[in-house]
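Visitor: The structure is given below, and queries will be raised subsequently.
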Ligand SMILES: NC(=O)c1ccc[n+]([C@@H]2O[C@H](COP(=O)([O-])OP(=O)(O)OC[C@H]3O[C@@H](n4cnc5c(N)ncnc54)[C@H](OP(=O)(O)O)[C@@H]3O)[C@@H](O)[C@H]2O)c1
Ligand SMILES: NC(=O)c1ccc[n+]([C@@H]2O[C@H](COP(=O)([O-])OP(=O)(O)OC[C@H]3O[C@@H](n4cnc5c(N)ncnc54)[C@H](OP(=O)(O)O)[C@@H]3O)[C@@H](O)[C@H]2O)c1
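Residue numbers (the numbering used here), protein chains in the order written: chain A, 25 to 370; chain B, 25 to 370.
Structure (structure tokens):
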């Protein structure tokens with residue numbers, strides 16, 4: 025028997041930001057590493073957990089429909105996990121394999137049933153590349169892929185055009201902006217702290233502003249003097265409205281996320297007529313529809329990371345019991361780059 | 025000397041609907057058909073005027089920028105005109121030619137200067153086809169072309185999909201819906217009177233509702249049971265919100281017009297997050313950018329009209345002095361199909 029700390033969903037929050045110890049609680053259970061496995065089962069030891077803002081959307085009454093299922097009260101939180109297989113009677117997974125799950129359980133050890141195995145993907149690349157396994161939760165995982173699909177498929181980036189990225193220091197945003205730079209775009213980002221602004225300039229953004237202390241529209245006037253050709257929207261609401269008001273003719277809005285819309289009394293743009301007058305194309309997309317681009321994505325980003333042509337930052341919370349605070353940090357915008365919880369070393 | 029009745033822009037309206045005799049006045053002037061012409065000049069006799077809702081947007085303070093220039097106080101209203109050339113010393117225009125101008129003057133006769141000639145296009149087709157010259161203001165003109173570009177370039181229509189068209193009995197809407205039918209779509213329209221509903225069904229719409237007497241969302245539930253795959257938006261606001269709430273995954277919104285946004289205190293959609301969740305692509309466009317499709321458009325629509333495969337209705341106001349009331353009708357949605365003012369017979 026080993027100790028198996030779990031992060032349990034305990035209660036549906038009413039405010040946007042949940043409370044650690046009330047809505048999410050730490051539970052100490054035990055795990056039997058010597059238990060016999062039936063056919064198809066395997067055991068994982070979690071290495072790193074991904075903390076994503078959309079987890080808040082899963083903390084809801086399950087009768088409210090959405091594109092992701094609601095969390096179950098009394099069960100562990102679910103999100104992206106990187107794990108190593110510690111024991112297996114599934115022919116597709118060997119002991120020592122590194123595996124990614126988009127809906128892994130927030131616990132130190134998991135027993136994975138045969139019918140759950142399809143949600144696990146082998147991600148052994150880091151053994152060869154030397155890049156940290158946790159990268160498969162960020163720049164080489166779902167958030168990175170989200171930035172890649174958005175820019176490559178829907179952004180139609182062109183040299184010397186202007187790209188504006190909101191929530192630019194987020195896991196998705198930091199790559200979206202850097203991809204713009206690779207195409208020779210002029211790239212401006214907004215984020216919620218001066219530390220994030222500094223970071224954005226360090227990784228190659230041409231300019232950045234703090235939307236919490238500075239007026240968005242005034243700053244777009246100043247920082248995007250030639251107007252916006254691609255707006256990579258992570259925020260929605262008033263930020264989207266200000267961006268639309270700075271869009272050039274034939275510009276594109278990559279509608280990736282609208283994180284401002286999760287909060288209480290969200291605001292909404294009042295200038296949608298401008299989408300017509302300015303001939304704007306706005307495309308909403310969900311990354312999981314674009315699996316056909318995944319190999320190309322991983323190959324390119326790995327290469328650019330190894331060549332030092334792409335920068336990437338993680339905020340690391342150390343220990344699984346820090347997961348609730350890490351989620352609260354993300355919902356309050358305290359993370360700088362991809363928020364990870366480190367559970368164990370490889 | 026002949027009498028030359030003009031429709032003069034007299035005052036900027038403050039309410040959405042202008043007042044005849046106050047903001048637009050009828051002015052009787054004279055026109056010298058025997059005056060000598062300098063090189064490049066020609067004279068036109070107007071046959072029909074197009075009444076378009078966007079004229080209201082031109083009745084503004086000229087210091088407010090927009091995609092179309094403001095009307096000048098004391099000068100005739102401008103909009104689409106079909107005319108015949110009555111005298112010419114411009115080698116490109118012969119006596120007897122039928123000519124279209126997108127910004128023709130609302131007066132019985134015009135003297136066109138050489139530098140204005142570029143705004144006139146020869147439209148002699150109706151002499152061969154026998155279709156009325158006024159069709160060049162509607163189904164074979166800018167509104168028809170707007171429907172064609174929207175559906176063909178941005179709608180990506182597919183057999184058995186559902187198309188919803190708002191302001192469906194408008195000049196643009198009636199063709200957009202019929203194009204959907206040609207692709208084998210299930211087509212639903214909304215309009216502001218029971219008479220318009222009847223008309224929509226007569227020209228092949230599968231279903232229709234009156235948005236003034238019936239709740240939009242309830243009707244979309246009923247009439248689009250498989251959801252919406254293409255929304256051809258002429259209205260914006262709450263109609264757009266209801267349509268988004270019925271959009272299928274990977275649906276397209278053709279953002280053609282947002283006529284509800286011209287009124288006082290326009291409403292705006294509050295569910296833009298759904299554009300992401302439902303993977304919707306919304307494209308704003310302006311017809312004049314797509315001149316490359318114009319020949320194909322005119323050839324196809326002429327053929328379909330002559331074969332009786334496309335229906336088309338005009339509301340005709342008889343006499344140029346009826347132009348102010350005709351514009352008021354359009355702004356109040358009283359027109360059934362393309363609103364025309366008949367000025368003279370060919
Ligand atoms: N379409 C898809 O398939 C897909 C997939 C994954 C993610 N996404 C979207 O991509 C976006 C970024 O996700 P991520 O995982 O990269 O984010 P993340 O790393 O978790 O960071 C989110 C950041 O958003 C900012 N933020 C939070 N609330 C905000 C508000 N009300 N207004 C403005 N900014 C706010 C915060 O930074 P500040 O300091 O700047 O406020 C926060 O650090 C999200 O909108 C997410 O929904 C979409
Ligand atoms: N993108 C482009 O390049 C382009 C070019 C031309 C036209 N357009 C747009 O296409 C649309 C149709 O133009 P059109 O010339 O075909 O129109 P139209 O024939 O002049 O008819 C306009 C119709 O819109 C409806 N309407 C008016 N106010 C409304 C409101 N507040 N809410 C809902 N419906 C309202 C009325 O019918 P009801 O009885 O149904 O209310 C009216 O008959 C307009 O939005 C226009 O701006 C776009």
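Every residue, glycine too, gets a C-beta built ideally from N, C-alpha and C.
Go through its chain and collect everything with a Cβ distance to residue 294 of chain A's Cβ below 8 Å, but skip five positions before and after it.
Guide: Taken in chain order, the residues that qualify are 265.
Visitor: Tell me whether residue 51 of chain A is buried or exposed, calling it buried when 16 or more other Cβ atoms sit within 10 Å of its Cβ.
Guide: exposed
Visitor: Give every residue of the same chain whose Cβ lies closer than 6 Å to the Cβ of residue 354 of chain B, excluding the five residues on either side of it in the sequence, and list them in chain order.
Guide: 75, 77 and 363
Visitor: Determine the closest residue to residue 286 of chain B out of B/276, B/118, B/258 and B/152, with distance taken between C-alpha atoms.
Guide: B/258
Visitor: Taking the C-alpha atoms as reference points, what is the distance between residue 157 of chain B and residue 217 of chain B?
Guide: 28 Å
Visitor: Among residues of its own chain, excluding the 5 on either side of residue 53 of chain A, which ones have a beta-carbon nearer than 7 Å to its beta-carbon?
Guide: Within the same chain, residue 53 of chain A has close Cβ partners 28 and 30.
Visitor: Looking only at C-alpha atoms, which of A/254, A/313 and A/189 sits nearest to residue 232 of chain A?
Guide: A/189
Visitor: Ends of the beta strand (DSSP E) at residue 229 of chain A?
Guide: That residue, residue 229 of chain A, is in no beta strand (DSSP E); it is neither H nor E in DSSP.
Visitor: Name, please, each residue of chain A whose Cβ falls closer than 9 Å to the Cβ of residue 301 of chain B.
Guide: 90, 91, 308 and 310
Visitor: For a contact defined as C-beta to C-beta under 8 Å, what are the partners of residue 305 of chain B on chain A?
Guide: 305, 306, 307 and 308
Visitor: Output needed for residue 16 of chain A: all residues of its chain with C-beta closer than 6 Å, excluding positions within five of it in sequence on either side, in chain order.
Guide: Nothing about residue 16 of chain A can be reported from this structure: the residues present for chain A run from 25 to 370 only.
Visitor: Does the Cβ of residue 277 of chain B have 16 or more other Cβ atoms within 10 Å, making it buried, or fewer, making it exposed?
Guide: Residue 277 of chain B should be labelled buried.
Visitor: Rounded to the nearest angstrom, what separates residue 237 of chain B and residue 243 of chain B at their Cα positions?
Guide: 11 Å
Visitor: Go to residue 106 of chain B, then tell me how far its beta strand (DSSP E) extends in each direction, as first and last residue.
Guide: 102 to 112
Visitor: I'd like the list of long-range same chain contacts for residue 91 of chain B, defined as Cβ closer than 8 Å, with 5 residues on each side in sequence excluded.
Guide: 310
Visitor: For residue 133 of chain B versus residue 55 of chain B, is the C-beta distance shorter than 8 Å?
Guide: yes
Visitor: Across which residues does DSSP place residue 52 of chain B in a beta bridge pair?
Guide: B/29
Visitor: Tell whether a beta-carbon distance below 8 Å holds between residue 284 of chain B and residue 260 of chain B.
Guide: yes
Visitor: Is residue 266 of chain B close to chain E, meaning its C-beta is less than 8 Å from at least one C-beta of that chain?
Guide: You won't find chain E in this structure, because its protein chains are A and B.
Visitor: Excluding sequence positions up to five away, which residues of its chain have a Cβ less than 8 Å from the Cβ of residue 201 of chain B?
Guide: 187, 189, 192, 211, 213, 224, 227, 228, 229 and 256
Visitor: Pick out whichever of A/34, A/64 and A/183 has its Cα sitting closest to the Cα of residue 141 of chain A.
Guide: A/64
Visitor: Can you tell me whether residue 57 of chain A is buried or exposed, with buried defined as 16 or more other CB within 10 angstroms of its CB?
Guide: Residue 57 of chain A should be labelled exposed.
Visitor: Taking the C-alpha atoms as reference points, what is the distance between residue 319 of chain B and residue 302 of chain A?
Guide: 25 Å
Visitor: Tell me which same chain residues have a C-beta within less than 6 Å of the C-beta of residue 342 of chain A, skipping the five on either side of it?
Guide: 366
Visitor: In its own chain, which residues sit with a C-beta less than 6 Å from the C-beta of residue 105 of chain B, not counting the 5 before and 5 after it?
Guide: 70, 73, 125 and 128
Visitor: Whole angstroms are fine: how far does the CA of residue 273 of chain A sit from the CA of residue 304 of chain A?
Guide: 7 Å
Visitor: From residue 222 of chain A to residue 352 of chain B, what distance separates their C-alpha atoms?
Guide: 56 Å
Visitor: Do residue 135 of chain A and residue 67 of chain A have their C-beta atoms closer together than 8 Å?
Guide: Yes.
Visitor: I need the straight-line Cα distance from residue 60 of chain B to residue 254 of chain A, nearest angstrom please.
Guide: 54 Å
Visitor: Does DSSP put residue 342 of chain B in a helix, in a strand, or in coil?
Guide: Correct three-state label for residue 342 of chain B: strand.
Visitor: Does any C-beta atom of chain A lie closer than 8 Å to the C-beta of residue 294 of chain B?
Guide: yes
Visitor: Thinking C-beta only, is residue 121 of chain B closer than 8 Å to residue 148 of chain B?
Guide: yes
Visitor: Please state whether the Cβ-Cβ distance between residue 324 of chain A and residue 339 of chain A is less than 8 Å.
Guide: no
Visitor: Flag residue 37 of chain B as yes when its Cβ comes closer than 7 Å to any non-hydrogen atom of ligand 2, and as no otherwise.
Guide: no
Visitor: Give me the Cα-Cα distance between residue 194 of chain B and residue 174 of chain B, rounded to the nearest whole angstrom.
Guide: 15 Å
Visitor: Look at residue 306 of chain B and residue 299 of chain A and say whether their C-beta atoms are less than 8 Å apart.
Guide: yes
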